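Below is one structure, written out as structure tokens; the observations come after it.
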Amino acid sequence: MSAVDAPVGLAGRLGQSAVRPDGVAKTQGTFEFSGDLSADGFLWGATLRSPHPHARIVRIDLSGAWKIDGVQAVITAEDVPGRLTYGLISHDQPVFAHEVVRFVGEPVAAVAADHPDTCRRALEAIVVEYEVLTSLTDPEQAVDGSFPPIHPDGNVIRHQRIVRGDQTIEGPVVVEGTYELGMQDQAFLGLEAALAVPDPGGAGVELHIATQWLHEDRKQLAACLDLPEEQVRLVLGGVGGAFGAREDISLQVHSCLLALRTGRPVRMAYSRHESFLGHVHRHPCRVWMRHHADESGRLLRVEARFVFDGGAYASTSSAVLINGITHAQGPYHCDNATVDGWAVRTNNLPCGAMRGFGVVQACFAHEGQMDKLAAAIGVDPVEIRLRNAMRTGDHLITGQVVESVAPVERLIRELAELPLPTEPVGGHDHDPMRLPGGAGLTADPATIRRGIGWAISIKNLMYSEAFDDYSTARVRLADGVATVKFATAEVGQGFVTLAGQIARSVLGVGDVVLDRIDTHIGSAGSTSASRQTWMSGGAVDGACRLVRERLFEHLAAVHDLEPFQLAIDGSDVIDTVGTLRVSVAEATAGLEFDETFEHHHRPTEDLDEFGQGNCHTAFAFAAHRAVVDVDPELGLVKVVQVATVQDVGRALNPLSVTGQIEGGIAQGVGLAVMEEIILVDGHVRNASFTDYLLPTFLDMPDVVIGLVEEPEPQAPLGAKGVGEPPTVSSTPAVVAAIRDAIGKDLHRVPVRPTDIVFG
Amino acid sequence: MIYTLHVNGDAREVRDAAVGESLLFVLRERLGLMGSKGACEQGECGSCSVLVDGNLVCGCLVLAAGAVGQEITTIEGVAPEGSPSDVQQAFVDAGAVQCGFCTPGLIMAAHALLERSPSPTELEIREELSGNICRCTGYGRIIDAVQRVAVVRRGDA
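Top line first, the protein sequences correspond to chains A and B.
Throughout, this note's numbering is defined as the position within the first sequence, counted from one, plus 1.
Throughout, this note's numbering is defined as the position within the second sequence, counted from one, plus 11.
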């Protein structure tokens with residue numbers, strides 16, 4: 002049943018394509034993003050950043066900035082009242098560089114002034130004398146210890162092995178490869194922005210911020226500001242996309258410091274250039290893999306070595322590493338493994354969370370290997386994957402049993418049934434816009450080759466390694482209206498839609514009011530790791546169920562029934578023997594039921610020294626098939642179609658699921674053939690949308706989608722997270738298709754024209 | 012400096028502006044019209060799309076003081092608040108909105124496209140809207156939204 006033909010009163014419930022409650026406001030420009038917020042008497046804030054990847058700060062002279070009319074504050078590391086550093090897992094990143102800078106773009110000072118131009122001139126007037134140091138930019142030098150520590154915590158952020166089963170087993174079929182991924186940017190459209198409003202007397206501060214995790218920001222902020230957490234209140238400013246880049250602190254501490262220093266509200270807003278420097282990126286990674294298989298292609302052992310370049314500060318690198326190495330086998334059965342992984346510190350841009358979180362790197366490597374294995378034993382890419390497909394109950398190389406629904410074989414078989422594009426090379430009407438490179442370049446249809454590639458992925462859901470990433474929700478039901486409160490960051494994914502669907506389904510109400518998203522309730526955890534439908538969905542569902550229990554208890558007492566005899570039917574409460582039918586609105590007139598619920602997933606464990614342990618919560622799977630046209634002489638690629646079948650558990654909102662899948666594939670296609678932050682000796686060469694290329698309407702292929710809906714028993718609503726899997730295996734599918742078209746062993750993304758022509 | 016801009020049918024006086032301020036900055040920060048968004052400041056993303064004398068332009072690339080005497084239409088001028096245009100409603104219904112940051116610019120571009128070409132092909136939609144970047148949706152639902160409007164306007168549905 003679609004939302005359109007649902008009976009009146011049932012629209013917008015679970016399973017339907019409910020539309021966004023903020024949709025009209027977003028189309029009309031009235032939805033307030035964090036950069037749109039203002040307050041009386043506000044000042045603009047701006048950040049001075051290091052021009053060097055590694056240098057000692059000899060001297061900072063702020064006097065020039067103070068001489069400029071309109072400047073109200075100039076601050077450095079000396080002005081941080083509390084902890085001088087922050088960070089998600091270890092607080093190793095300075096609020097402002099102190100004595101040394103470790104990456105191009107590291108904050109050194111900040112100013113507050115009456116106009117953005119005044120800020121710009123003030124920053125230019127600050128004199129910083131640097132003694133430039135040799136930069137560590139090759140992560141292998143961090144691994145082998147040949148470069149002196151660039152940080153007191155050392156150059157290795159984390160090292161972890163996985164040793165499982167028979168370590169001596171070899172061949173008879175052996176395939177080997179080294180794979181590399183460039184640094185990808187999340188490139189959300191809504192630039193970093195905040196409004197910090199100080200309390201009178203500096204007793205506290207209210208920060209309106211676009212973030213993924215209000216409570217984690219607050220914890221880090223309070224420590225740096227030396228304020229009690231309750232004096233630091235965060236409100237979600239409208240978020241223009243996130244994709245991992247808003248999990249870390251960017252301008253949060255700076256804007257609050259400036260507001261507290263000046264006693265006036267402060268707005269900060271990054272430029273696109275500054276945004277490239279001011280948030281973490283997807284880790285560049287080098288992966289070596291050697292797969293051992295029997296003559297039929299069944300995996301006997303996986304060997305792998307991962308090196309993740311974490312850049313200057315740790316961020317979530319240690320968790321990204323664990324995700325990468327624990328997914329080395331892919332969605333395949335494999336009993337034996339020998340894996341070694343490092344996340345290291347360099348003077349490159351800091352890296353952390355981005356959609357797919359370490360698994361993108363693992364999947365690009367293991368899927369390249371599966372194609373090599375297929376070629377080695379003479380079967381096609383589909384057959385090799387079917388022969389090795391993981392099933393529920395299989396062991397991961399960590400020893401963990403995959404208890405999640407694992408419909409890998411079904412994904413592959415259903416994907417094979419999806420239609421291939423009917424469009425010939427160059428399109429039905431031979432429009433040059435349909436050629437690789439588009440109309441502006443000179444691809445010759447006669448030389449273009451079409452290729453098809455496959456890739457399959459497994460992706461963990463929620464946080465891992467014994468972390469309790471719970472979520473909290475509060476629901477009040479009064480006079481037939483449900484009011485739902487949570488701190489879940491709505492970043493565009495549509496949790497605000499889902500929350501209403503849950504409340505309508507569980508409580509039978511039509512009207513759902515969403516309270517402001519802020520820290521006046523317990524944490525929701527981060528909007529990341531494909532976790533909010535499961536975690537915050539579980540919290541809203543739990544709170545709604547508690548409210549429903551209270552309502553049933555009340556009605557049972559009034560009508561001399563037992564609560565278990567009552568149920569919600571449409572918008573009514575009924576009893577099972579047919580004596581009572583009363584609308585929820587009527588039943589709750591003049592009454593209020595108010596309940597709060599925390600949803601926790603089951604506990605997970607740390608890995609031991611051999612990389613063994615039940616470290617993950619649950620898993621989702623996806624399969625992708627890409628069709629590309631390649632001009633082998635010019636090195637140009639047109640991705641014609643990406644077809645996918647995804648394991649979603651249950652599609653709670655099919656339209657939202659479609660949006661996540663198409664959007665995720667766009668980012669995967671971007672990594673495959675377009676997107677890379679180019680670093681030369683630690684200097685960024687393309688920090689703009691002119692030079693960092695994102696997929697446009699013309700770059701995006703047609704997307705064909707199939708869903709596998711086998712409800713996940715562990716999940717509160719039966720639904721798995723759907724955000725990350727589309728990004729994980731779409732990239733290797735596109736690269737496999739290019740390899741298929743030109744017959745070359747491409748091992749690096751993004752694939753560049755030179756790789757195709759000369760690789 | 013002081014000058015007057017004609018925005019959404021109204022004469023709006025701009026005071027205390029520096030001469031180098033972009034139309035996007037003046038619309039947002041001096042006239043309080045926050046619907047136009049800035050995401051790249053160099054005309055690559057289309058988030059700041061507005062009409063100047065009927066031409067779709069990037070507000071970040073136009074000097075505000077240079078738009079004196081021209082008719083400027085912003086997202087706020089497309090339809091009254093709470094009464095979305097057909098294109099705006101189609102974006103909501105088709106799932107073309109996620110984070111929504113690119114959306115006002117895309118609404119401006121989609122209206123301009125459908126004015127010029129009431130029955131655009133899919134390739135035409137892709138080409139005409141390719142100056143607007145969306146990072147969330149992968150564009151599929153946006154194409155669907157534009158096609159839905161074209162069908163309804165033709166009276167096919």
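Cβ coordinates follow ideal geometry from the N, Cα and C atoms, glycine included.
Small disclaimer: the values here were computed from a predicted structure and weren't measured.
From A:312, A:82, A:97, residue whose alpha carbon lies closest to that of residue 229 (chain A):
Closest in C-alpha terms to residue 229 (chain A), from the list A:312, A:82, A:97, comes A:82.
Which residues in chain A have a C-beta closer than 9 Å to the C-beta of residue 103 (chain B)? List them in chain order.
Simply 20, 21, 24, 25, 27, 28.
Test: residue 45 (chain B) CB closer than 8 Å to a CB of chain A:
Chain A, which has a Cβ nearer than 8 Å to the Cβ of residue 45 (chain B), makes this yes.
State yes or no: is the beta carbon of residue 241 (chain A) nearer than 8 Å to at least one beta carbon in chain B?
Residue-level contact check: residue 241 (chain A) touches chain B, since one or more beta carbons of chain B fall below 8 Å from its beta carbon.
How big is the Cα-Cα spacing for residue 97 (chain B) and residue 19 (chain B)?
Between residue 97 (chain B) and residue 19 (chain B), the C-alpha separation is close to 18 Å.
For residue 760 (chain A), three-class secondary structure by DSSP:
Looking at residue 760 (chain A) - three-state DSSP - the assignment turns out to be coil, as it is neither helix nor strand.
Between the CA atoms of residue 258 (chain A) and residue 223 (chain A) - distance to the nearest angstrom
Computed Cα separation, rounded: 11 Å.
Is residue 60 (chain B) close to chain A, meaning its C-beta is less than 8 Å from at least one C-beta of that chain?
So, not an interface residue.
Output, in chain order, the set of chain B residues within a Cβ distance shorter than 8 Å of residue 492 (chain A).
Result: 110.
List in chain order: all unbroken beta strand (DSSP E) runs of 3+ residues lying wholly within the region 564-598 of chain A.
The beta strand (DSSP E) runs of length 3 or more contained entirely in the region 564-598 of chain A are, from start to end of the chain, 567-570, 573-576, 582-584.
Quick one: which chain A residues come within Cβ less than 8 Å of residue 99 (chain B)?
For residue 99 (chain B), the C-beta contacts it makes with chain A under 8 Å involve 25, 28, 29, in order along the chain.
Against chain A, does residue 147 (chain B) count as a neighbour if the rule is that its beta carbon must be under 8 Å from one of theirs?
By this cut-off, residue 147 (chain B) is an interface position.
Within a Cβ cutoff of 6 Å, which residues of the same chain sit near residue 744 (chain A), ignoring the five residues on either side of it in sequence?
Excluding positions up to five away in sequence, the list is empty.
Distance, Cα to Cα, residue 557 (chain A) vs residue 577 (chain A)?
So the alpha carbons of these two residues sit roughly 12 Å apart.
Reduced DSSP secondary structure (H/G/I, E/B, other) of residue 502 (chain A):
In this structure, DSSP gives residue 502 (chain A) a helical state, which the three-state scheme calls helix.
8 Å Cβ cutoff, residue 72 (chain A) in contact with chain B
Among the CB atoms of chain B, none fall inside 8 Å of the CB of residue 72 (chain A).
C-beta atoms of residue 277 (chain A) and residue 688 (chain A) nearer than 8 Å:
Here residue 277 (chain A) is near residue 688 (chain A), since their CB atoms are less than 8 Å apart.
Would residue 743 (chain A) count as contacting chain B if we go by Cβ distances under 8 Å?
For residue 743 (chain A), not one C-beta of chain B is nearer than 8 Å to its own C-beta.
Contact list for residue 134 (chain B) against chain A, beta-carbon separation under 8 Å:
Near residue 134 (chain B) (Cβ distances below 8 Å), the residues of chain A are 428, 432, 434, 435.
Per DSSP, cross-strand counterpart(s) of residue 324 (chain A):
Residue 324 (chain A) is not bridged by DSSP to any residue.
Sufficient close CB pairs (3 or more, under 8 Å) joining the region 10-25 of chain A to the region 650-658 of chain A:
The region 10-25 of chain A vs the region 650-658 of chain A: in contact.
So, do the region 388-396 of chain A and the region 202-213 of chain A have three or more beta carbon pairs nearer to each other than 8 Å?
No, because fewer than three Cβ pairs between the region 388-396 of chain A and the region 202-213 of chain A fall closer than 8 Å, the two stretches do not touch.
Rounded to whole angstroms, what's the CA-CA distance from residue 756 (chain A) to residue 104 (chain A)? Just pull it up for me.
Straight-line Cα distance between these residues: approximately 29 Å.
To which residues of the same chain is residue 566 (chain A) closer than 8 Å at the C-beta, ignoring the five residues directly before and after it?
Closer than 8 Å at the Cβ level, and outside the excluded window around residue 566 (chain A), lie 557, 576, 577, 578.
Let me know if residue 68 (chain A) comes out buried or exposed under the rule of 16 or more other beta-carbons within 10 Å of its beta-carbon.
By the neighbour-count criterion, in which 16 or more other beta carbons inside 10 Å mark a residue as buried, residue 68 (chain A) falls on the exposed side.
How about the region 100-120 of chain B and the region 20-31 of chain A: do they share at least three Cβ pairs that are nearer than 8 Å?
Contact holds: three or more Cβ-Cβ distances are below 8 Å.
Anyone know if the C-beta pair for residue 211 (chain A) and residue 238 (chain A) falls short of 8 Å?
In terms of Cβ geometry, residue 211 (chain A) and residue 238 (chain A) form a close pair [threshold 8 Å].
Any C-beta of chain B within less than 7 Å: which residues of the region 692-712 of chain A qualify?
Within the region 692-712 of chain A, the residues whose Cβ lies closer than 7 Å to some Cβ of chain B are 695, 697, 698, 699, 701, 704, listed in chain order.
At a CB-CB cut-off below 8 Å, which residues of chain A make contact with residue 50 (chain B)?
Those within 8 Å of residue 50 (chain B) in chain A are 190, 191, 192, 241, 273, 690.
Residue 386 (chain A) - DSSP class collapsed to helix/strand/coil:
In the structure shown, residue 386 (chain A) adopts helical secondary structure according to DSSP, grouped into three states.
Cβ separation of residue 146 (chain B) and residue 189 (chain A), assumed to be a contact under 8 Å, to the nearest whole Å
Right, their Cβ atoms sit about 6 Å apart.
Rounded to the nearest angstrom, what separates residue 135 (chain A) and residue 315 (chain A) at their Cα positions?
Roughly 20 Å separates the two Cα atoms.
In chain order, which continuous runs of the beta strand (DSSP E) of length 3 or greater are located wholly inside the region 147-225 of chain A?
At a cut-off of 3 residues, the continuous stretches assigned as beta strand (DSSP E) that sit fully inside the region 147-225 of chain A are 157-165, 174-182, 194-199, 206-210.
In the DSSP assignment, find the unbroken beta strand (DSSP E) run with residue 486 (chain A) in it and report its ends.
Looking at the DSSP string, the run of the beta strand (DSSP E) that includes residue 486 (chain A) is 482-487.
In chain A, which residues lie with their C-beta within 9 Å of the C-beta of residue 69 (chain B)?
None at all; the shortest Cβ gap to chain A is about 12 Å.
Quick check: the region 723-732 of chain A against the region 158-178 of chain A, are at least 3 beta-carbon pairs closer than 8 Å?
In short, these stretches do not touch, since the Cβ pair count stays below three.
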